[in-house]
Amino acid sequence: MQVKENLSNMSLDEAIDKLSKSVYLESPDIWIDLTDKINDQIFDEMVLFFATKYDVLPILKYALENKFIDLNLPSKNTTYKNIGEHLISVAIQSNNIDIHNYLKRSLGQDDDEILIEEVQIESNENNNSTSYKPEFICPSCNVNIFESGYKASEDIVYKFSLEKNKLIETSRSLLDKTVCCNCNNVIKGISINQLKNICTVQNCSRCSADLTSVGITDKSKMVYDKESNTFNSKSTSFHCANCDNQINKTQVEYFGSLI
Ligand SMILES: [Zn+2]
Ligand SMILES: [Zn+2]
Numbered sequence: 022m023q024v025k026e027n028l029s030n031m032s033l034d035e036a037i038d039k040l041s042k043s044v045y046l047e048s049p050d051i052w053i054d055l056t057d058k059i060n061d062q063i064f065d066e067m068v069l070f071f072a073t074k075y076d077v078l079p080i081l082k083y084a085l086e087n088k089f090i091d092l093n094l095p096s097k098n099t100t101y102k103n104i105g106e107h108l109i110s111v112a113i114q115s116n117n118i119d120i121h122n123y124l125k126r127s128l129g130q131d132d133d134e135i136l137i138e139e140v141q142i143e144s145n146e147n148n149n150s151t152s153y154k155p156e157f158i159c160p161s162c163n164v165n166i167f168e169s170g171y172k173a174s175e176d177i178v179y180k181f182s183l184e185k186n187k188l189i190e191t192s193r194s195l196l197d198k199t200v201c202c203n204c205n206n207v208i209k210g211i212s213i214n215q216l217k218n219i220c221t222v223q224n225c226s227r228c229s230a231d232l233t234s235v236g237i238t239d240k241s242k243m244v245y246d247k248e249s250n251t252f253n254s255k256s257t258s259f260h261c262a263n264c265d266n267q268i269n270k271t272q273v274e275y276f277g278s279l280i
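Just so we're on the same page, my numbering is the position in the sequence shown counted from 1, plus 21.
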């Protein structure tokens with residue numbers, strides 16, 4: 022299985038396992054359908070839709086490299102011109118940058134040396150698992166970049182191949198640089214991965230640390246009472262133990278009985 026070797030982070034089996042678990046949690050009925058298809062080596066629009074939604078790039082690579090699907094064929098979802106456009110839209114909605122760029126490349130839509138893609142995080146109405154609204158305020162213009170959007174850039178290296186007598190792409194990596202879509206300034210001090218983490222309710226909204234790992238500090242303000250000559254606890258707030266940022270209301274509710 023030569024293809025398996027090409028997959029960088031995850032083997033195909035691991036990828037199928039990840040997809041299978043995610044889809045099972047969403048719907049056991051769809052899961053049966055999906056499992057049948059994968060066992061029969063059918064990688065159609067439905068399978069790739071879920072692979073895109075759940076950020077499982079190796080499955081898309083496997084399907085496209087083995088020509089199990091043609092992205093230019095009409096999509097079952099008639100809102101889109103073809104399967105490729107449909108999947109790109111899913112990748113944008115799910116904020117899966119690598120898949121998004123891979124699909125664009127596969128469709129031949131990357132003619133620039135450096136690809137800059139605008140990542141818009143949309144409030145995902147059909148994602149009923151959480152109503153958590155992440156927030157990261159741009160230090161330059163004070164908007165929440167999860168609403169205004171931020172841009173990520175890719176670094177692509179090209180070389181001329183004498184063997185193939187053409188220009189070939191030799192490497193591609195995501196630059197750890199984000200730009201605010203509202204004011205176009207570079208957002209310093211936060212990486213793309215950290216921004217992804219902030220979207221999860223259990224991660225700190227400033228430093229992105231997982232609060233269940235770093236811990237939460239509980240601060241009580243003690244106010245002096247003259248009559249009783251004692252300090253009384255007046256209010257309590259909860260903070261990320263890593264950066265001391267106060268955790269937000271939704272997070273306090275989420276951890277609820279735990280704190
Ligand atoms: Zn800004
Ligand atoms: Zn923090």
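Where a beta carbon is used, it is the ideal one built from N, C-alpha and C, also for glycine.
How close, in whole Å, do the beta carbons of residue i and residue j come, if the pair is a contact with beta carbons under 8 Å?
i, j, result
"I219", "F276", "I219 to F276, Cβ: 16 Å. No contact."
"S256", "K242", "5 Å"
"C162", "C202", "Contact flag wrong, Cβ pair sits at about 10 Å."
"V222", "T271", "6 Å"
"H224", "L216", "As written in the sequence, residue 224 is Asn, which differs from the His given in the question. Their Cβ separation, rounded to whole angstroms, is 10 Å, which puts N224 and L216 out of contact at 8 Å."
"L55", "I80", "About 11 Å; that fails the 8 Å criterion."
"I118", "A72", "Not quite, the Cβ-Cβ distance comes to about 15 Å (not below 8 Å), so this is no contact."
"A230", "N263", "4 Å"
"A36", "V77", "5 Å"
"S110", "N103", "With 8 Å as the limit, S110 and N103 do not qualify as a contact, their Cβ atoms being about 11 Å apart."
"S43", "Y75", "4 Å"
"H107", "N98", "5 Å"
Candidates the options: which alpha carbon is nearest residue i's?
i, options, result
"L195", "V222, K74, V178", "V178"
"N60", "E274, S48, D34", "D34"
"N274", "E184, S258, E66, Y75", "Before going further, note that residue 274 is Glu rather than Asn in the sequence given. Selected option, being the one with the closest Cα: S258."
"I211", "L78, F71, I166, V244", "I166"
"G105", "L69, V222, E184", "L69"
"K240", "S254, S249, T233, K247", "S254"
"S169", "I51, C204, S110, N116", "C204"
"G129", "Q62, S110, N93", "N93"
"S127", "N116, N87, L55, D246", "N87"
"F89", "E66, K42, N214", "E66"
"A84", "Y123, C159, H260, I268", "Y123"
"G236", "C261, K74, F181, F64", "C261"
"K154", "D38, A36, N269, Y245", "N269"
"E175", "K198, V164, I189", "K198"
"T238", "K82, I51, I63, Q267", "Q267"
"Q159", "F181, K209, S32, R193", "The question names Gln, but residue 159 is Cys in the sequence shown. Ranking F181, K209, S32, R193 by Cα distance to C159 puts K209 first."
"K125", "V164, N98, K82", "K82"
"N214", "Y171, E184, T191, F64", "Y171"
"C228", "D50, D265, Y45", "D265"
"D91", "F64, T100, Q114", "F64"
Contiguous alpha helix (DSSP H) assignments of at least 4 residues, all confined to the segment 46 to 113
Whole alpha helix (DSSP H) segments, 4+ residues: 49 to 60, 66 to 74, 78 to 86.
Go through the residues and name those whose CB comes closer than 5 Å to any heavy atom of ligand 1, in chain order.
Residue selection by CB proximity (closer than 5 Å to any heavy atom of ligand 1) returns C159, S161, C162, C201, N203, C204 in chain order.
Please go through the segment 186 to 231 and give each complete alpha helix (DSSP H) segment of 4 or more residues, from N-terminal end onward.
Within the segment 186 to 231, the complete alpha helix (DSSP H) runs of at least 4 residues are 213 to 219.
By C-beta, the residues closer than 6 Å to any heavy atom of ligand 2, given in chain order
Counting every residue whose Cβ lies closer than 6 Å to a heavy atom of ligand 2, we get C225, R227, C228, A230, C261, N263, C264, N266.
Which complete alpha helix (DSSP H) runs does the segment 227 to 257 hold, if anything under 4 residues is left out?
Along the segment 227 to 257, the alpha helix (DSSP H) occurs as fully enclosed runs of 4 or more residues at 232 to 235, listed in sequence order.
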